[in-house]
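Visitor: Take the sequence shown: its position 11, counting from 1, is numbered 205 in my numbering, and each next residue is one higher. To start, I am sharing the structure in question, which I have written as structure tokens.
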Amino acid sequence: MSQIIIEHNPSEEKLKELGVANWSIWEKEVSKFPLDFGIKETAYVLEGEILVTPKGGEPVRIVPGDLVVFPVGLQSNWEVVKPLRKHYKHG
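Now the structure itself:
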């Protein structure tokens with residue numbers, strides 16, 4: 195099963211190298227919904243808190259400062275616990 199990869203508080207150098215500041219921003223209010231990934235997504239959380247539960251797996255808590263990779267084919271349920279604001283890029 196594909197796993198969610200989280201790097202807590204990556205260095206400023208790494209964020210600059212990845213070009214995170216130029217990625218799109220996505221915001222979501224407190225809510226619950228299914229989310230399936232047809233392509234890989236890399237995200238950097240600016241604000242909020244989410245619990246992402248992969249199908250058949252345990253919930254993963256994602257908070258500000260986390261750099262997250264959601265793999266292709268991931269089927270998950272999201273619970274936005276605190277209003278979310280994140281940078282993201284696909285591919």
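All C-beta atoms, glycine included, are put in the ideal place defined by N, C-alpha and C.
#1: Here's a check: name, in chain order, each residue in its chain whose Cβ is nearer than 6 Å to the Cβ of M195, leaving out the five neighbours to either side.
#2: Cα separation between E221 and A237?
#3: Taking the alpha-carbon positions, what's the P258 to W272 distance?
#4: For a test of the three-state rule: what should DSSP assign to E273, helix, strand or coil?
#5: Would you call the segment 207-216 in contact with the segment 243-260, where contact means no fewer than 3 C-beta pairs closer than 8 Å?
Guide: Straight from the coordinates:
#1: Low confidence applies to M195: its pLDDT is 49, below 50, so where it sits in the model is not reliable, and the reading given next is rough at best. Residues of the same chain with their beta carbon placed closer than 6 Å to that of M195 are lacking, with the five preceding and five following residues left out of the count.
#2: Straight-line Cα distance between these residues: approximately 12 Å.
#3: Between the alpha carbons of P258 and W272 lies a gap of roughly 16 Å.
#4: In the structure shown, the three-state DSSP call for E273 is strand.
#5: The segment 207-216 makes no contact with the segment 243-260, as fewer than three CB pairs between them are under 8 Å.
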